[in-house]
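Undergrad: In my numbering, the protein residues as written are 792 to 1051.
Glycine included, C-beta positions come from ideal geometry on N, C-alpha and C.
#1: Here's the rule: buried if 16 or more other CB atoms are within 10 angstroms of the residue's CB, otherwise exposed. What is residue 1010?
#2: For residue 1094 and residue 913, I'd like the C-alpha separation in whole angstroms.
#3: Beta-carbon of residue 1028 versus every beta-carbon of chain D: anything under 8 angstroms?
#4: Helix or strand or just coil, what does DSSP make of residue 866?
#5: Does the separation of the CB atoms of residue 921 and residue 970 fall below 8 angstroms?
#6: With distances taken between CB atoms, is the gap from residue 1006 to residue 997 smaller than 8 angstroms?
#7: On the CB-based measure, 16 or more other CB atoms within 10 Å of its CB, does residue 795 come out buried or exposed?
#8: From residue 1051 to residue 1045, what does the alpha carbon distance come to, in whole angstroms?
#9: Exposed or buried, which one is residue 1032 when buried takes at least 16 other CB atoms within 10 Å?
#10: So, using beta-carbon positions, are residue 901 and residue 849 closer together than 8 angstroms?
#11: Where do the ends of the beta strand (DSSP E) carrying residue 882 lie?
#12: Could you check whether the segment 925-942 touches the segment 858-872, counting it as contact only if at least three pairs of C-beta atoms, one from each stretch, sit closer than 8 angstroms?
#13: Do three or more CB pairs link the segment 813-831 to the segment 881-898 at distances below 8 angstroms?
What follows is the structure, encoded as structure tokens:
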């Protein structure tokens, strides 16, 4: 919680974006590896990861990584510094101007950040290093919502929640920040259904949304990652949105194979 006379939250982290999508960390099937490299090379030459990168940039601009800390804020300014650039390069966003519900809006500033992210994702090596800082103006003495620590064998009668902190300052786990940044999936079938959908969800093999206890790309739906990935690698053409979803999950990373 902020002190009684404090009304500003400063939230900052670094973000490293790497390429190398053509090269799996490990693969035990040479034929599969060759087929995968053929389709991902074709995608990178055609699309350059433009759509996933545009959505990552949007998520930075709108401050999605703040989670509950952005609710009801008077003003949110997000500043992104390119630490990989030889000369100073910075992008500044008024987060309230960017929707949390869709990715339809575009502007030159977010577009430029997206192009830098796309270039990093599409390269064979190298990385883009960004410093992201958000300044949130909220009410005096308001609650701050950091990550919760997972603690096994809690002491009976002890606190039910242990909050993440770094040297006494509220903190957020990298996994939670990453989940917000990879929340780019509006391509799942139920997205447009206000009753059955869950809005923008993180790119995930089965479209899992943990806090709802639900999956939006269940096995057998034909829209889960493993089904689409196997079709893609076997040479079958995917729709543009299916292709972008598959690549977004590959960027997320994991252990993938024909057997699911």
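TA: On the basis of the supplied data:
#1: exposed
#2: An answer regarding residue 1094 cannot be provided, because it is not within the stretch 792 to 1051 covered by the chain.
#3: Reference to chain D is not applicable here, since this structure consists of a single protein chain.
#4: strand
#5: no
#6: yes
#7: exposed
#8: Residue placement at residue 1051 cannot be trusted, given a pLDDT of 47 that sits under 50; the coordinates are not used to answer.
#9: Around the CB of residue 1032, fewer than 16 other CB atoms lie within 10 Å, so the residue is classed as exposed.
#10: yes
#11: 881-885
#12: Taking a cut-off of 8 angstroms on C-beta distances, the segment 925-942 touches the segment 858-872, as three or more cross pairs fall below it.
#13: no
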